[in-house]
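*Asks:*
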Amino acid sequence: MERKITENTIITDALDINPNAAEILMRYGMHCLGCAIAHGETVGEAAAVHGADLEQMLDELNNL
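Residues in the sequence shown are numbered consecutively from 37, following the numbering used here.
(1) Can you list, in chain order, the residues of its chain with a C-beta nearer than 8 Å to that of T78? Leave out the 5 residues immediately preceding and following it.
(2) Taking 8 Å as the cut-off, decide whether the C-beta atoms of L97 and A57 are in contact.
(3) Is G76 near L90, with beta carbons less than 8 Å apart?
(4) Report buried or exposed for M106, applying the criterion of at least 16 other Cβ atoms within 10 angstroms of its Cβ.
(5) Which residues mark the beginning and the end of the alpha helix (DSSP H) in which T48 is found?
Below, the structure written as structure tokens:
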């Protein structure tokens, strides 16, 4: 079964699920994908911090 990226997915896990997610995350202002914070911050938390539309971003991440 294919794993989905959700608002509760840790950023580094999202990159493990699909390395191409980096391009989308960076487009939404998440430029520190290799930082320590990426190992503990969820996609939902990052979206909130960066003012990103979470649902739109998740749709893009899961339809790569």
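C-beta: ideal position from N, C-alpha, C; glycine also.
*Replies:* Once the coordinates are examined:
(1) To locate residue 78, count along the sequence shown from 1; it is residue 42. E43, N44, T45, I46, I47, listed in sequence order.
(2) Residue 97 sits at position 61 when you count from the first residue of the sequence shown. Residue 57 sits at position 21 when you count from the first residue of the sequence shown. In this structure, A57 lies closer than 8 Å to L97 by Cβ.
(3) As a position in the sequence shown, residue 76 is number 40, starting the count at 1. As a position in the sequence shown, residue 90 is number 54, starting the count at 1. No, the Cβ-Cβ distance between G76 and L90 is not below 8 Å.
(4) The requested residue 106 is not part of the displayed model; the chain covers only 37 to 100.
(5) Stepping through the sequence shown from its first residue, residue 48 is reached at position 12. Per DSSP, T48 belongs to the alpha helix (DSSP H) from 47-53.
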